[in-house]
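Some notes on the structure that comes next.
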């Protein structure tokens, strides 16, 4: 299967991610990436080792879920929506200025794309043509429709 390359395809993938990724999945992937427990991610501790992954997860939730900022804040330990706004701005600034943070962001969002399953995908038939096939086996979608 080919890689998604055009802006229209990327927009389709963003739409699929936005409708299919849950906050819990984002929390799990961020915890795995940074080696944390979920309790630490949503806890009250303000140490950088916990606060930076928390801010990253909140920013990704804002981008890839349909949840409001107050709802995201509640699900991250009862935080206020202004904390979510601050986290999003902090992630945006650090991604622009620190290459390692941009790499972390890309790894996490790639992992999210890997867990997302589109309902239909294109499959090559035995006759060499392509057909739209309903996703029943949990196969990752590389060519969303």
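In this note's numbering, the protein residues as written are 2 to 146. Using N, Cα and C, we set each Cβ at its ideal position, and we do this for glycine too. Every value quoted in this text rests on a predicted model; they were computed, and no experiment measured them.
Below 8 Å, enough C-beta pairs join the segment 86 to 104 and the segment 53 to 61 to call them touching: three or more. Cβ atoms of residue 114 and residue 30 stay farther apart than 8 Å, at about 11 Å. As the crow flies, the alpha-carbon of residue 86 is around 12 Å from that of residue 58.
Under the 10 Å beta carbon count, residue 105 is surrounded by 16 or more other beta carbons and is classified as buried. Between the alpha carbons of residue 73 and residue 45 lies a gap of roughly 15 Å. Rounded to the nearest whole angstrom, the C-alpha separation of residue 48 and residue 21 is 31 Å.
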